[in-house]
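Okay, so here's the structure we're looking at.
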Amino acid sequence: PTETDADVAGIVETGAAVRKLAQGLVREQVITELPAITVSVSQHVPKPHTPFQWAAMDSMEDLEGKVRMLRDLAKRAKVGLKTHDVRESWLECLFARGDRRLGAALELAYRSGARFDGWKEHFDFRGWLDALEAAGIEPDRYTRTLPVGVPLPWSHLDMGFEPGFLEGEYRKALASRVSPPCGKPMGAKVHHTTVAEAEAEQKRLVCYDCGVACDLSEMRSERLVALRSLSDRAEE
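The letter at position 68 of the sequence shown is residue 195 when you use the working numbering, and the numbering goes up by one with no holes.
Here it is as structure tokens:
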């Protein structure tokens, strides 16, 4: 949501910047040969119980256009590119945000031969479209923007969030306001990356009181354990 072509191009630009850094390391003889730099992308699929559960998914035409743009940019930047099948992501959105009516379409697709569709050689998109049509499913009903405040197919499932938390995060995202990661030291832009810094940190950890009731002390301890493990491996 709110993504622009400049944002999409930034994916390849980041890969190109990494490649440039690697070229510098080759010149300085820090490494002997230029590594292959590859960026991987997938389509955003709005999911239940997340701030973007109300957001529309881009049309397949728009998504395919973005993939074409990335391929062109990656070729010029000499950066590898891996993409996810737009059609699979579209189906993922339908079943992620669908209601019980999708069950009939799923059964029809199965009875029509849908098997192992995660494998490209077995994926029959036409078969899925036929099953959706036979079940009377209107795909746009599930891929478009959903109204905030209206009961959703998954509203009866309690994930522990406080009422209004996800909606608040959704509106913040649309306004380009950042929510720092939970468990990060208050006021810090990133997590500490060394054991010494983490052990010396006395600031309280960020908590949005979402309702899940995380154990912040345990989160702090787990991060220290992870940093110590990384430090030990680096010394080996």
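A virtual CB, placed ideally from N, CA and C, is assigned to each residue, including glycine.
Assuming residue i is part of the alpha helix (DSSP H), what are its boundary residues?
i    : result
K202 : 187 to 204
L301 : 292 to 301
G254 : 252 to 261
K147 : 132 to 154
L208 : Premise fails: L208 lies in the beta strand (DSSP E), 207 to 209, not in any alpha helix (DSSP H).
M346 : 343 to 362
L218 : 213 to 224
V322 : 322 to 327
Are there 16 or more other CB atoms within 10 angstroms of the CB of residue i, so buried, or fewer, so exposed?
i    : result
G276 : exposed
A232 : buried
L161 : exposed
L152 : exposed
V157 : exposed
W246 : exposed
V317 : exposed
Taking only the alpha-carbon atoms, compute the straight-line gap between residue i and residue j and give it to the nearest angstrom.
i    : j    : result
A150 : K205 : At residue 150 the sequence reads Gln, which differs from the Ala that was named. Rounded to the nearest angstrom, the two C-alpha atoms are 12 Å apart.
D132 : R198 : 13 Å
L357 : Y237 : 46 Å
D244 : T321 : 44 Å
A261 : S239 : 11 Å
F292 : R203 : 43 Å
A366 : R355 : No answer is possible for residue 366: it lies beyond the span of the chain, which begins at 128 and ends at 363.
D134 : S303 : 13 Å
D185 : Q329 : 43 Å
V194 : A144 : 20 Å
So, using beta-carbon positions, are residue i and residue j closer together than 9 Å?
i    : j    : result
A183 : T272 : yes
E296 : P178 : yes
V172 : E234 : no
P308 : H319 : no
G225 : P278 : no
A207 : G137 : Note that residue 207 is Gly in the sequence shown, not Ala. Not a contact, by the Cβ cut-off of 9 Å.
E140 : L221 : no
For residue i, report the span of its beta strand (DSSP E) as first-last.
i    : result
S167 : 165 to 167
G276 : Element bounds for G276: n/a, residue is neither H nor E.
K311 : Element bounds for K311: n/a, residue is neither H nor E.
### Query
Any contact of the stretch 267 to 277 with the stretch 164 to 171, i.e. 3+ C-beta pairs under 8 Å?
no
#### Entry: Inter-stretch contact at 8 Å, needing at least 3 Cβ pairs: the stretch 223 to 231 / the stretch 189 to 200
no
### Meets three-Cβ-pair contact criterion under 8 Å: the stretch 240 to 254 and the stretch 281 to 297
no
### Query
Would you call the stretch 206 to 215 and the stretch 330 to 344 in contact, with 3 or more CB pairs under 8 Å?
no
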